[in-house]
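A.B. asks:
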Amino acid sequence: MPGATDKRPRGARAAREKVVPGTGRAILFLLAPFSFFFLVFLIYPTLNVVYLSFTNSDIAGVGKLIGAANYLKLFRDRYFWDSLWHTFYFVILTVVPMTALGLVFALLLFRLRKRTKSIAQILIFLPYILPVSVVYRIWQWMLDTNYGIVNHLLNLNVDWFHDVTWAMPAVAFVTIWWGVGFNVLLFVAGLEAIPREYYEAATLDGMKGPLDSFRYITWPLLWPVTSVVLILQLILQLQILTQPYLMTQGGPFNKTRVALQYMYVQAFQQNHGGYGATIAVAVFVVILLASALQLKVIRLGGEP
Amino acid sequence: MRLRRVTPGGVFLTVFTLATGVVWSFPLYWAVNTALMRDTETVARPPHWFPQPPILDAFRFVLANTRIVRWYANSVLTSVVVTLAVILFTMMCAYPLSQLRFRGRRLLLLVFLAGFMIPQTTNLVPLFMFLNKLGMVNGYLGIILPQIVAPIAVITVVIYKQFFDQVPRELREAARLDGASETQILFRIFLPLNWGVTWAMAIVVFIWTWNNFFWPFIIVSSTPMMTIPVGITQVESWYGIAYSRLMASAMLAALPTAVVYILFHRRVAQGVAMTAGIK
């Protein structure tokens, strides 16, 4: 069977075409496995979540269509709007600071030589490869009210994860500690792609000092990477769920309960699958709108 | 060729950068430090910067009194299966997208790119219901199957396609003339030429799957079926707060991915940069 099907003469036609025609059977065989999983476990649930949002299903999926009732309820649900605001608050505390810090770290790392650079990069990136529950455990201990090293060094007695003011900033800080390595890595790759000759030429043209070269060469040439980092972080952090779930359990007084956590509570703890799906759709729409908006803003920022 | 002058400012910046790295990873050191202590020593004031002496009691306790060995086995099994499935299926899928002509090729590529944008977290409710109906709750298949199309997997299709696009056309044409089938060409020519990207993506997918928390947390309902990141959140509720044990279990959970990362840090860096479309 292999190769036996294609008996057409090769020549002008095959040479002209960039992509040589393949046999239909081979194409199907190669595409099928991934496409199957893609359809069944990604596309189908994505369509189904919209359908479920118009039903009063429980978490087993038993229920019937109830029109837009869930959406009307969502609109008037103070807990939902609170949780959405908490998500935004978390996004404000993480996305830009984490991007800025990533850039600073990358600039520091970039000028190092091979071995020193590897060591410093490993030290900064290591937290990123930890499971979130390990991150939670480590910081639960670091920030322990009575015996935590942070309170000891600062001579404080704050219950960081359960303090009305500090809970969300603490979760945001831990998230930055965990995730900044990802940004650093992308920025270092971006910095390495800038040709060194640009800096040399600019120095000959009278550009002075590292601040000038950052402003006129590094920043504009790095902007494509910066915009990718900003968009990826925005999409990622809008999906915030696990960190508050583990670290603060949404408390104190639901002050750190974020939108997807409210979805989890409604769907999995209170057995309102349909309403949980409605919250999920709302968050999905917010993510789409936010990333579209950010793309626009970044395009504007990218114009020289 | 770059000449570097050693200046006081440069030395200061280098030392400052390394110090930043040390401070940044200090919490990891602190966790290891605590895991090697007796519980009474963890609360000593002033705190001990080194365990005096280091002991393995906490590790022994965790290994003997929790299901951590089983959680390890669960994590290894599910992560390895997901990684193998993702690499094999995405490679197969990318080959026709890159090399063969068929109707809807561009559209399919766009669909995959759009699929990368779908957050799996907003699909938790329908995914759970679906797997519940299939009877896969609290089973390995339930943990594994949805992770085969995690965003990291979807973007791997696009990455493979980009790498396959760069393979010289002559190689494929010569193989066709020799009578090789498309599948043979993929595994005998395209795969060997792309071992670098394959390793990079396999390591990144493995780390990602090993670390995934919320999906295994949702789909698993019994302690023996937990993966290790989910399992270690249970240690506390059984034995109360005892930080040396909590740190010991956390360090055991982190050990495999940490070792893989330190051994292959360049590959990981390459893989992570590729998932973001950089490099």
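Going down the list, the sequences are from chains A and B.
First residue of the first sequence: 1, per my numbering; consecutive thereafter.
First residue of the second sequence: 1001, per my numbering; consecutive thereafter.
Each residue gets a CB set at the ideal place from its N, CA and C atoms; glycine is no exception.
Quantities reported herein were computed from a predicted structural model and do not represent experimental measurements.
Could you check whether the Cβ of ILE1203 (chain B) sits closer than 8 Å to any Cβ belonging to chain A?
C.D. replies: no
A.B. asks: What does a CB cutoff of less than 6 Å around GLY306 (chain A) pick up in its chain, not counting 5 residues either side in sequence?
C.D. replies: With chain A covering 1 to 304 only, the question about residue 306 (chain A) has no answer from this structure.
A.B. asks: Could you list the residues in the segment 143-168 of chain A with a C-beta less than 7 Å from some C-beta on chain B, going in chain order?
C.D. replies: TYR147, ILE149 and HIS152
A.B. asks: Is it true that the segment 77-89 of chain A meets the segment 1156-1163 of chain B, where meeting means three or more beta-carbon pairs spaced less than 8 Å apart?
C.D. replies: With contact defined as three or more Cβ pairs closer than 8 Å, the segment 77-89 of chain A and the segment 1156-1163 of chain B are not in contact.
A.B. asks: Measure the beta-carbon distance from ILE1148 (chain B) to ILE1219 (chain B) and round it to whole angstroms, keeping in mind my assumption that it falls under 8 Å.
C.D. replies: Their Cβ separation, rounded to whole angstroms, is 14 Å, which puts ILE1148 (chain B) and ILE1219 (chain B) out of contact at 8 Å.
A.B. asks: Specify, as a first and last residue, the run of the alpha helix (DSSP H) that HIS86 (chain A) falls within.
C.D. replies: 78-110
A.B. asks: Do PHE1280 (chain B) and SER1079 (chain B) have their CB atoms nearer than 8 Å?
C.D. replies: Since the displayed chain B opens at 1001 and closes at 1279, residue 1280 (chain B) lies outside it and no answer follows.
A.B. asks: Is the beta carbon of PHE1116 (chain B) closer than 8 Å to that of PRO1151 (chain B)?
C.D. replies: yes
A.B. asks: For the segment 1251-1276 of chain B, which residues have a CB atom closer than 7 Å to at least one CB atom of chain A, in sequence order?
C.D. replies: Cβ contacts with chain A come from ALA1253, ALA1254, THR1257, ALA1258, TYR1261, ILE1262, HIS1265, ALA1269, VAL1272, ALA1273 and ALA1276.
A.B. asks: So for ARG1101 (chain B), helix, strand or coil by DSSP?
C.D. replies: Strand, per DSSP.
A.B. asks: When burial is assigned at 16 or more other CB atoms within 10 Å of the CB, is LYS1161 (chain B) buried or exposed?
C.D. replies: buried
A.B. asks: Return the chain-ordered ranges of every alpha helix (DSSP H) run that is complete within the segment 277-302 of chain A and spans a minimum of 4 residues.
C.D. replies: none
A.B. asks: Would you decide whether TYR79 (chain A) is buried or exposed? Buried here means 16 or more other CB atoms lie within 10 Å of its CB.
C.D. replies: exposed
A.B. asks: Taking 8 Å as the threshold (beta carbon to beta carbon), is ASN56 (chain A) in contact with chain B?
C.D. replies: It does not: the Cβ of ASN56 (chain A) has no partner Cβ on chain B nearer than 8 Å.
A.B. asks: Along chain A, which residues have their Cβ under 8 Å away from the Cβ of LYS1161 (chain B)?
C.D. replies: Within chain A, no residue comes near LYS1161 (chain B); the closest Cβ sits about 12 Å away, beyond 8 Å.
A.B. asks: With DSSP run on the structure shown, which of helix, strand or coil describes LEU30 (chain A)?
C.D. replies: Note: LEU30 (chain A) maps to helix in three-state DSSP.
A.B. asks: Can you list, in chain order, the residues of its chain whose CB lies under 8 Å from that of ARG1188 (chain B), leaving out five sequence neighbours each side?
C.D. replies: ALA1175 and ALA1180.
A.B. asks: Between the alpha carbons of GLY1196 (chain B) and THR242 (chain A), how many angstroms are there, rounded?
C.D. replies: Cα-Cα distance, rounded: 33 Å.
A.B. asks: Compute the Euclidean distance between the alpha carbons of ALA4 (chain A) and LEU31 (chain A), then round it to the nearest angstrom.
C.D. replies: For ALA4 (chain A), the predicted model reports a pLDDT of 40, less than 50, meaning its position is unreliable and no value from the coordinates is stated.
A.B. asks: Alpha helix (DSSP H) containing VAL1204 (chain B): first to last residue?
C.D. replies: 1195-1211
A.B. asks: Should ASN48 (chain A) be flagged as near chain B, meaning a C-beta pair shorter than 8 Å?
C.D. replies: yes
A.B. asks: Restricting to runs no shorter than 4 residues, where is the alpha helix (DSSP H) found entirely within the segment 1014-1090 of chain B?
C.D. replies: 1039-1042 and 1057-1065
A.B. asks: Would you please state the rounded distance, in angstroms, between the beta carbons of THR1275 (chain B) and GLN239 (chain A)? I believe it to be under 8 Å.
C.D. replies: THR1275 (chain B) to GLN239 (chain A), Cβ: 16 Å. No contact.
A.B. asks: Taking the beta carbon of ASP971 (chain B) as the centre, do at least 16 other beta carbons fall within 10 Å, making it buried, or is it exposed?
C.D. replies: Beyond the ends of chain B as shown, which are 1001 and 1279, falls residue 971 (chain B); an answer cannot be given.
A.B. asks: Taking the alpha-carbon positions, what's the MET263 (chain A) to LEU1108 (chain B) distance?
C.D. replies: 31 Å
A.B. asks: Quick check: what's the CA-CA separation for ALA1153 (chain B) versus VAL1235 (chain B)?
C.D. replies: Our two residues, ALA1153 (chain B) and VAL1235 (chain B), have alpha carbons roughly 31 Å apart in a direct line.
A.B. asks: With the cut-off set at 8 Å, would you say ALA1202 (chain B) and THR1042 (chain B) are in Cβ contact?
C.D. replies: no
A.B. asks: Assuming LEU1077 (chain B) contacts TYR1140 (chain B) under a Cβ cut-off of 8 Å, what Cβ separation, rounded to an integer in Å, is found between them?
C.D. replies: Right, the Cβ-Cβ distance comes to about 7 Å (below 8 Å), so this counts as a contact.
A.B. asks: With DSSP as the reference, label LEU241 (chain A) as helix, strand or coil.
C.D. replies: coil
A.B. asks: Tell me, please, whether the CB atom of PRO33 (chain A) is closer than 8 Å to any CB atom in chain B?
C.D. replies: yes
A.B. asks: Name the chain B residues whose beta carbon is nearer than 9 Å to that of TRP139 (chain A)?
C.D. replies: Under the 9 Å cutoff, chain B gives PRO1027.
A.B. asks: LEU1134 (chain B): which of A:TYR147, A:ALA69, A:GLY61 and A:ILE66 sits nearest, CA to CA?
C.D. replies: A:GLY61
A.B. asks: Helix or strand or just coil, what does DSSP make of PHE1264 (chain B)?
C.D. replies: coil
A.B. asks: Quick one, which of B:ARG1070, B:VAL1015 and B:SER1249 has its alpha-carbon nearest ARG1060 (chain B)'s?
C.D. replies: B:SER1249
A.B. asks: Anything in the segment 280-299 of chain A with a Cβ closer than 7 Å to a Cβ of chain B? List those residues in chain order, please.
C.D. replies: ALA280, VAL283, PHE284 and ILE287
A.B. asks: Considering only residues of the same chain and omitting the five flanking positions on each side of TRP139 (chain A), which have a CB-CB separation below 6 Å?
C.D. replies: VAL174, listed in sequence order.
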